[in-house]
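Going by this note's numbering, the first residue of the sequence shown is number 1408, and it counts up by one from there.
The beta carbon of each residue, even a glycine, is placed where N, CA and C say it ideally should be.
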Amino acid sequence: MRYKNEASSDVADPRRRGWDGGVGGPCAGLAGDAPADVRKSEAAVGGIHEDGLPPQRHRRGSVNPNRLDLNLLRVFDAILETRSVTIAASTLNLTQSAVSNQLARLRDAFDDPLFVRTSDGMVPTPRAMAMADAIRNSLVAIRFCLEEQLGFDPATSDRTFKVFMSDVGQLVFLPRLLERITRVAPLVSIHTVQVPPSRLRDMALESGEVDLAAGYFEDFDGSFRQQLLFEEGYVGMVRRGHPTIRDTLSLETFLGTPQLVYKPTGGGHGLQANAVDQAFAVADVPRRVAVRAAHSMGMTSVVSSTDLLVIVPSRLAAACRELADVNILALPIEVPKFQIKLHWHERFHHDPGNRWLRGLVADLFQDRPTHAPAPE
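Written out as structure tokens, the structure is:
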């Protein structure tokens, strides 16, 4: 899911010069206008070079790197990610025709379609897939280089941050996070990414494809850092006007009420599930499960329109109460709490943009008596 804090524009903002224009210093030559001798060479295509010799044609299937610039590689990466020229154009703050023209230049340069339109969107060709990781890693490295030398200015940056976040995380984090970003970094975009299996999750953070993971996750393997945001507990939730449950929940009522069991994917809620199952086992009472849900979407509507009881994290319950008439209740059994953290790879610990986003999230959500700085 993509959340962008800017209106689409036909012309890229001039403040994006760090990406789109020539940049001096240690990154010179990576972006922007080609050197003068390259421009002369390109101007001579189809005619005569200044030395009087006809231009040398590249054999079919070869690539002339002088015909490529950073903007084309950004277009390649955006289409690869979105599988859509239209969405890629919105991501890059360009018109669809501009992206189509740049895709045509890429196809001409590589003598390959690169992306083929199918019912599943713009699917990359084998040649595009062979280049994908190298291009994406290069773009990450260039961005890191530019931000290290020029600094990260949230007021003018148009960087897109990708964050592993569950659907619960989106309900809890996104409203306040986007409200703050809209005020202090109006061109910055946030993409939330569904949490994949652990190995793919770790690889995405290590490569820089995803910037942060925010939420409740199983352990990360490798050179990862983490920052505790808050400790979370579980509560019960029922509709307001429930026939047998008012403002408190007794053990007897808890054991006898049909339940909606919420067990999200991508998170480690096994301790909670075991604690609840143990309570029913000790009481020697079968648990009446009417619905099992892997996502929070629609859960509020189900609970508010039925007599089911659901056990959910307290901040999720608070978010649900903003959407429907529900009551939040303390549980009559002990359920282990869990920790909500930020996770990121060591490679990007000193990345200025990554540090800014981590600090922003911590400032908004970290439980602490004072706003201590994020760990170095």
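Where Val1692 falls: helix, strand or coil (DSSP): coil
Opening and closing residue of the beta strand (DSSP E) in which Arg1566 lies: No beta strand (DSSP E) holds Arg1566; DSSP gives it neither H nor E.
C-alpha distance - Lys1748 paired with Arg1514, whole-angstrom precision: 43 Å
Span separating the alpha-carbon of Asp1732 from that of Val1668: 19 Å
Buried or exposed by the 16-neighbour rule on C-beta atoms within 10 Å, applied to Arg1765: buried
Val1733 - partner residues in DSSP beta bridges: Arg1646
Distance between beta carbons of Leu1723 and Leu1656, contact taken as under 8 Å: Not a contact, Cβ separation roughly 17 Å.
Same chain, Cβ closer than 8 Å to Leu1460, five either side skipped, listed in chain order: Model confidence at Leu1460 stands at a pLDDT of 36, short of 50, so the residue's coordinates are unreliable; what they give is reported in the following sentence. Around Leu1460: no qualifying Cβ.
Under the three-state DSSP convention, the category Ser1712 falls into: coil
The region 1595-1611 in contact with the region 1569-1583 per 3-pair CB rule at 8 Å: yes
Per-residue burial, Ala1541 [other beta carbons within 10 Å of its own, 16 or more giving buried]: exposed
Contact belief for Leu1771 with Arg1583 at Cβ below 8 Å, rounded distance in angstroms: 5 Å
Whole-angstrom distance between Gly1663 and Val1698, CA atom to CA atom: 15 Å
Where the beta strand (DSSP E) through Arg1524 begins and ends: 1522-1525
Candidates Phe1687, Leu1730, Ala1682, of which the one nearest Met1704 by Cα: Leu1730
For Ser1703, the three-state DSSP class (helix, strand or coil): coil
Nearest-angstrom Cα separation, counted from Gln1634 out to Glu1625: 14 Å
DSSP bridge partner residues for Ile1747 (one or two, in chain order): Phe1637
From Asp1618, Arg1632, Arg1566, Asp1574, residue whose alpha carbon lies closest to that of Leu1594: Arg1566
Assigned exposure category for Arg1608 - 16 Cβ within 10 Å defines buried: buried
Beta carbon of Val1642 nearer than 9 Å to that of Ile1718: yes
Cutoff 7 Å; reference Pro1561; Cβ partners in own chain excluding five residues on either side: Val1591, Ala1592, Val1595, Trp1763
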